[in-house]
Amino acid sequence: MKLSETSIRRPVLASMISAALVLFGVIGYTRLSVRELPDIDPPIISVSTTLPGANAQVVETAVTDVLEEELSTIQGLRTLSSSSSEENSQITLEFNLDRPVDVAAQDVRDKVSRVRGRLPVDVLEPVIAKQSADAQPFFWLALSSENYDLMQLSDVADRLVKARLQSLPGVGSAGIFGERRYSMRVWVEPDALSARGLTVQDVENAIVSRNVEIPAGRIESTRREFSVRSLGELKTPREFGELAVASQGTQLIKLKDVARVELGPEDDRSIFRYNGSPSVAIGVVRQSKANLIDVARNIREALPSIQQTLPSGVKLQAAYDGSQFVTHSIHDARLTLLIAAILVVLIIFVFLRNLRATVIPGLAIPASIVATFAIMYFLGFSINNFTLLALTIAIGIVVDDAIIVLENAFRHQEELHEAPELAATNGTNEIGFAVIATTIALVAVFTPLGFLRGTAGRLLSEFGIAVAGAVVISGFVALTLTPMLCAKILRMSHSHGQLFQMFERGFNALAERYAALLRRAVNHRAAVLVGTLAVVTLSVFVFLLFPPTRLHNELIPEDDRGFFLVVVRGPEGASLPYTDGYVRQVEQIIGHTPDVNGYFTIVGGFAGGVNSAFIGVILKDFAERHTSVQQMIGGLFPQLMGISGVLAFPYAPGAIGFSQPIQYVVQNQDFAKLQQIMGPFVQRAQAVKGLVNVQTDLYVNKPELRVTFDRDRAEDLGVPVRDVASALQTFLGGRRVSTFTRNDKLYYVMVQLDPKDRATPSDMRGIYLRGKGGQLVQLDALANVQEGVGPRQINHFNRVPAFTLSASLTPGLAQGEALDSLDGVARQVLPPGSTTALAGESREFRESAGALYFAFGVALLVVFMVLASQFESMVHPWTVLLAVPLAITGALATLKFVAVLQPTLVGRLLHFSGATINLYSEIGMILLIGLVSKNSILLVEYTNQLKARGLDTVSAVLEAGRIRLRPILMTSVATIMGAVPVAWGVGAGSAARRPLGYAIVGGVFFSTALTLFVVPVAYLVLPAVVAWLADLFRRLWRLVFRRREHVPVEAD
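For the record, in the sequence shown the residue sitting at position 924 is 940 according to this note's numbering, with numbers rising by one throughout.
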């Protein structure tokens, strides 16, 4: 080949080209960002709209339905979900991954502005915001003190910590949780108001009109200028208390006469604790493209200097660092890559027994792997578990081409006694076509991955392109650098040591045994092919179709992330103190659990309503604990479920989102019917074995007070209904009516009914409003207050009323089987008119399964077309691809073998896990198409060469098998050794990576063992079979479409 010959003649040129590839790779590596997974965050836009005084049903019909009708027509929309609750409509739009989030946000703004005029007059302006999975805090800090209360700590966090954190490189934002932000609380007393003939509106108007500070202009003269500022702003509780609300004759009624004024928290409906101690939390969100590990390092390095700026007695500490798992996982992946490289080089040395020969393919590893980082950088990829896993697997692949060239050049020197340069030239020319064919075939395997959409497509595209890039570079290196090195450093040895001779005798004996077995296989062709077909068919039935023995299905295997959540949910209507009392019981259990390093608790607020809480539990480092996350959850589950009064359950969040693995949506156009079917459906779902923590997001028993207005009576008394709703909001919910300044920061003035005066529903009767002529009208006179229960919120999924059932899984039940069971429950329970859908990780699982089957089929087709083009034959591609079902059989058998041993002592000692049909194992099976085809190509291509030299077909097949045995075994063992560290790796992230290793090790081993016999036999049989089928087709064609022959008619 011209390329190889040029490289041999010009060694410096070949060396510099490879050095340049490595240099560009090093530069790209230093500039790549680091994250756990590829960027799979979907573009999400939220539309939040407030309608003051409206209940959930009114919000649904007047706001949500109107907006949804218009928003549902936006291009590229994947799902449209909404939640209508009291006064608030929250609509979430998820777009396809290829939809730019800025374009999607603009489309949403256009649609909302178009429909704005159809919304109620009182509705506030809709708030449109871009969301991202990265927009969740990944680093939590806890601020605590024994000398300062939570309001003072909140002030310290806001002034001294938050601003400093937001200035760090890579930090997008920082939010304060469990905050007790300063506010001027005006607790009005209804009896005092009514006794003086005043209403809450009078109090609000007085504060607004008398608490002002505005620029009044300036005074100018010819020489001087003064700005004039009116100092009317109130700053202290005493100043606010002296504020005049009204006057009765000569007597002023001051605010302190009708209200209690104090400096208090604006919101006290959330609690944060770190390791059981009251604290204020700061959650840090990184910028979307920032390096997660670098941002976390910047935060940790800044903590000592921030601590020095805090008041004495205030302690700032890291409560949770989400980058720790990613750091450990990436480190362990890099270590796995290094171990794989060492094992592959050792295998090469074992087969060649020559140090010089081992160096040559050994140099192909850094040249190919490092240069791939340049491709990743130019394509905008990142260093993540998928790309590092791709490069680890690629180590066993990139040396294959170099091994094939080296082994042939080595054979020309050792057996044909050619000079080094001549041996390198002839050996490369002889094998060059096979190198190109195998490289193109491997790259072709990953071509269909570019057509996949969604999460699976984004994950697989980075994996596939990383492997394909490494393979292309390795093919180039094999045809340039490797021949040059063979010519320059590979030397024929006239004497060999005893180890060499012993290994050579062993290999020759193996080769002779293989040749004898191959002759027997050639003589019993039908038995070989029928037996192979039977094995493949039986494996498909046993491992994929037969329910008692088939492999489980899931999206991504559960991994030990050193972290899990405990969700606590109280009954509907439960107060914050009620929920917090039970949360403290959960904290005590967690605090006494071994291997727990710390925990943080959020009650209310970020966790949901005041009847909800979650506890983030951080475990000790992997090397310091003896139990896994799954084992710890299993031990805690019965203890937490034993707490009466609340529902408390632990679960480990997955790599994709923090939701539970089962998200099953039930829809019905009739909301009343949806409420009726929810109970039976949930009851049947709870009976599914292995399904735990079953709950829904539809809460229909929330206690509520229903205020029904007598509109005619209100009109007669001169009280607008809007004033009634506004007064209720102020009295019960609190209203921001003004601002004040403290420590150079602006805070709100809040007017609300004193807590002791709004403890029972009967307290609402003490509310007065102003009617005609200024007289006071009691709420009882124009409204009826009744207790009842109703839905907390009304949810829609793709515009249809729906509820979502969430659940976790026990180790005995996989995701696919759980969803199948819920489908069965739906068929039995749901009435006509009801439909189901999937959300979250469950949807990704179902969509990825179909996408991967498509990718597998298209990969086979593309490889077939590539092979047909290269061999200029429609028969030989079938011969080559016969190795694929053998490889899939081996992969399935290995996964099943591991699954059987996984719960045993042997399985635990060998760290067996994740032996299911999942994203990783399916990637391995797609990869097997290219891996095992390489061996078949070597056999078929060399058989064709021998036939071209004049050998008969049977002799060519037998000779090709003998000659190609060594390179086939070398490349196969090298590939297996590259996957062994993945299959039996330990450490962070290893549990998810193992199924890929199992599939490759089992598939390559099984396929290699059978390919050496099946492919030669198929080479002999398939041409005759294809010729027979072609002849049969021609006969059938003539039989069906033959023309009628004209029969001459003789006249009488």
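Don't be surprised by glycine CBs; every beta carbon is placed ideally from N, CA and C.
Close-in-space but distant-in-sequence residues of the same chain around residue i (CB under 8 Å, 5 per side omitted)
| i | result |
| --- | --- |
| proline 185 | Ala306, Asp310, Val311, Asn314 |
| leucine 567 | Phe559, Leu560, Leu908, Leu911, Lys912, Ala915, Ala931, Thr932, Ile933 |
| leucine 176 | Ile322, Thr325, Leu326 |
| valine 538 | Val970, Val973, Leu974, Pro1032, Val1033, Leu1036 |
| isoleucine 223 | Val202, Phe256, Leu259, Leu271, Val753, Ser754, Val765, Val767 |
| threonine 215 | Leu209, Ala743, Tyr784, Leu785, Arg786, Leu792 |
| asparagine 569 | Ala830, Gln831, Gly832, Glu833, Phe861, Ala865, Thr932, Ile933, Asn934 |
| asparagine 424 | Gly443, Thr444, Glu446, Ile447, Pro983 |
| isoleucine 419 | Ile364, Pro377, Pro983, Met986, Thr987, Ala990 |
Under the three-state DSSP convention, the category residue i falls into
| i | result |
| --- | --- |
| aspartate 55 | coil |
| threonine 108 | strand |
| valine 274 | helix |
| glycine 632 | strand |
| tyrosine 164 | coil |
| tryptophan 156 | strand |
| asparagine 314 | helix |
| valine 75 | helix |
| glycine 1073 | Lying before the first or after the last residue shown, residue 1073 is absent from the chain, which here runs from 17 to 1068. |
| valine 682 | strand |
| methionine 392 | helix |
| methionine 890 | coil |
| proline 654 | helix |
| alanine 1080 | No answer is possible for residue 1080: the residues shown for the chain start at 17 and end at 1068. |
| tyrosine 715 | coil |
| leucine 48 | coil |
| phenylalanine 397 | coil |
| asparagine 759 | coil |
| lysine 146 | strand |
| glutamine 692 | helix |
| glutamine 1070 | No answer is possible for residue 1070: the residues shown for the chain start at 17 and end at 1068. |
| leucine 379 | helix |
Residues near residue i in its chain [Cβ-Cβ closer than 7 Å; skip 5 each side]
| i | result |
| --- | --- |
| alanine 158 | Tyr290, Ser295, Ala297, Gln333, Ala335, Phe616 |
| isoleucine 144 | Ile61, Val63, Ala121, Val124, Arg125, Val128 |
| tyrosine 958 | Ala976, Ile979, Arg980 |
| aspartate 250 | Note that residue 250 is leucine in the sequence shown here, rather than aspartate. Excluding residues within five positions, the ones whose Cβ falls inside 7 Å are Asn227, Phe256, Leu259, Phe756. |
| glutamate 938 | Leu868 |
| glycine 906 | Gly1018, Gly1019, Phe1021, Phe1022, Ser1023 |
Short Cβ contact (8 Å threshold) for residue i with residue j
| i | j | result |
| --- | --- | --- |
| glycine 44 | methionine 392 | yes |
| methionine 167 | methionine 766 | no |
| alanine 494 | valine 451 | yes |
| isoleucine 992 | phenylalanine 1021 | yes |
| valine 735 | leucine 785 | yes |
| proline 54 | phenylalanine 111 | no |
| glycine 620 | arginine 196 | no |
| serine 398 | valine 50 | yes |
| isoleucine 411 | isoleucine 381 | yes |
Contacting residues, own chain, Cβ-Cβ under 6 Å from residue i (five flanking each side not counted)
| i | result |
| --- | --- |
| glutamate 76 | Ser100, Ile810 |
| phenylalanine 870 | none |
CB contact below 8 Å: residue i versus chain C
| i | result |
| --- | --- |
| tyrosine 958 | Here chain C cannot be found, since the structure has a single protein chain. |
_Under 8 Å, with one C-beta from each stretch per pair, do the segment 601-610 and the segment 268-279 reach the 3-pair mark?_
no
Does the segment 860-879 come close enough to the segment 468-484 to have 3 or more Cβ pairs within less than 8 Å?
yes
Checklist entry - Per the contact definition of three or more C-beta pairs closer than 8 Å, is the segment 695-709 in contact with the segment 809-828? => result yes
4-residue-minimum alpha helix (DSSP H) runs that sit fully inside the segment 179-263, ordered along the chain:
179-182, 206-211, 216-226, 253-257
- prompt: Are at least three pairs of beta-carbons, each pair with one atom in the segment 496-505 and one in the segment 424-436, less than 8 Å apart?
  reply: yes
Sequence ranges, beta strand (DSSP E) only - wholly within the segment 851-931, length at least 3:
851-854
- Query: Which runs of the beta strand (DSSP E) fall wholly inside the segment 312-374 and span at least 3 residues, in chain order?
  - Reply: 330-337
Identify every run of the alpha helix (DSSP H) within the segment 550-621, keeping only runs that are complete inside it and at least 4 residues long; order them along the chain.
592-607
- Message: Using a Cβ distance threshold of 8 Å, determine whether the segment 337-344 contacts the segment 577-594, with at least three qualifying pairs required.
- Response: yes
* Quick check: the segment 479-486 against the segment 515-526, are there 3 or more CB pairs under 8 Å? -> no
Spell out a yes or no on whether the segment 628-648 and the segment 539-550 are touching, meaning 3 or more CB-CB pairs, one atom from each, closer than 8 Å.
-> no
(request) Within the segment 455-537, note down every full beta strand (DSSP E) run reaching 3 residues or more, in order along the chain. (result) none
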